[in-house]
Each structure stands twice: as structure tokens, then as C-alpha cells.
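Colleague: First residue of the sequence shown? That's 1 in our numbering, and the numbers climb one at a time after it.
All C-beta atoms, glycine included, are put in the ideal place defined by N, C-alpha and C.
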Amino acid sequence: MAEPFTRSFEATSEHIDQLGHVNNAVWVQWMEEVSVAHWEAVAPPEHQAAYVWVVTRHEIDYRGNIREGERVTATTWIPDPPKRATFDRCVAFRREGEEETAKVLVRARTTWAVIEVASGRLVRIPEDVAAPFWSSAAE
Numbered sequence: 001m002a003e004p005f006t007r008s009f010e011a012t013s014e015h016i017d018q019l020g021h022v023n024n025a026v027w028v029q030w031m032e033e034v035s036v037a038h039w040e041a042v043a044p045p046e047h048q049a050a051y052v053w054v055v056t057r058h059e060i061d062y063r064g065n066i067r068e069g070e071r072v073t074a075t076t077w078i079p080d081p082p083k084r085a086t087f088d089r090c091v092a093f094r095r096e097g098e099e100e101t102a103k104v105l106v107r108a109r110t111t112w113a114v115i116e117v118a119s120g121r122l123v124r125i126p127e128d129v130a131a132p133f134w135s136s137a138a139e
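#1: Taking buried to mean at least 16 other C-beta atoms within 10 Å of its own C-beta, is residue 12 buried or exposed?
#2: Could you pull out every residue in the same chain whose Cβ sits closer than 6 Å to the Cβ of residue 111, ignoring the five residues on either side in sequence?
#3: Less than 8 Å between the C-beta atoms of residue 26 and residue 15, yes or no?
#4: Please report how far the alpha carbon of residue 116 lies from the alpha carbon of residue 31, in whole angstroms.
#5: Would you list the one or two residues that DSSP bridges to residue 106?
#6: Let me make sure I understand the geometry here. Which of 96, 119, 75 has the alpha-carbon closest to that of residue 69?
#7: Evaluate residue 35 with the Cβ neighbour count: other Cβ atoms within 10 Å of its Cβ, from every protein chain shown; 16 or more gives buried, anything less gives exposed.
#8: Based on Cα-Cα distance, which residue from 65, 41, 50 lies nearest to residue 22?
If you want it as C-alpha cells, here you go:
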């Protein structure tokens, strides 16, 4: 596993549902945002131009929430090596500033598949594409 990637989010009025906290759909949007930001921060430009990632499955545990004005830190990592055209990505959200001690508010495991832009088809994840996200991918 390569280094985890983090990004912070603030709950604003448009994120809040009728119960006064962040709507579940917003957590999913944030999962996608941190995942894409990780890809863009780590993958070389030629990989970013050649491949697009799509979600094939979400498994989410909602264990807490935040209200307007509160912030969370999302940490994402790839726990296992790729499986053909897919890999799983984990995301954990904790209150910002309490990342080491705070309980996980939302935890997800999402399966992502890679599409080759040139063909528009799913392809096996090339080792050099996986390597920055999974340290043993090129071994």
C-alpha cells in the first residue's frame, strides 16, 4: 500500500439535509472528490490522459455526522493489489483536527474500474498505473 492521501471538506448550507446534518449523497460526492484528487496528485499526466476511473460498487458505513460549518478530513488508500480492471479504495472521514483520535464518522470501500480513453473499454490495470497507489504492484 502506498501512502494514504487526505483532503478536508467543510459542510456548507447546501450539504445539509432536513435532519440538520450532511446528506448521505454529499458523503458519496466527497468520496469521489478525494479519490479523484488522489489520482490527480499521484498519477503522471500521461496516465491521467490515457485512463478514466468509474465506480462499480460502494459499501458505506455511516457512524456519525457533522453539521453546517464543521469540517472533516477524508483519508483514502488502496488496501489491496489490483484485480484485473479493478481495485478497491477505502475512505475514512474524521472530524478535522482530531484525525488521530476521533472516531470514524463515515467509512467506505469503493470498487473502481479503469477505462482506457482511446478504446472506451475496461482494461486490465497496467502495473505502471497501479504502482504509485500500490507499492507492490510492480514487484
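Modeller: In this structure, then:
#1: Answer is exposed; the Cβ neighbour count stays below 16.
#2: Taken in chain order, the residues that qualify are 56, 57, 86, 88.
#3: It is a contact, given that the beta carbons lie within the stated cut-off.
#4: If you take the alpha carbons of residue 116 and residue 31, they lie about 22 Å apart.
#5: Answer by DSSP bridge pairing, in chain order: 62, 93.
#6: When 96, 119, 75 are compared, the shortest CA-CA separation from residue 69 is found for 96.
#7: Buried is the label assigned to residue 35, since at least 16 other Cβ atoms lie within 10 Å of its Cβ.
#8: Residue 65 is the option with its Cα nearest to residue 22.
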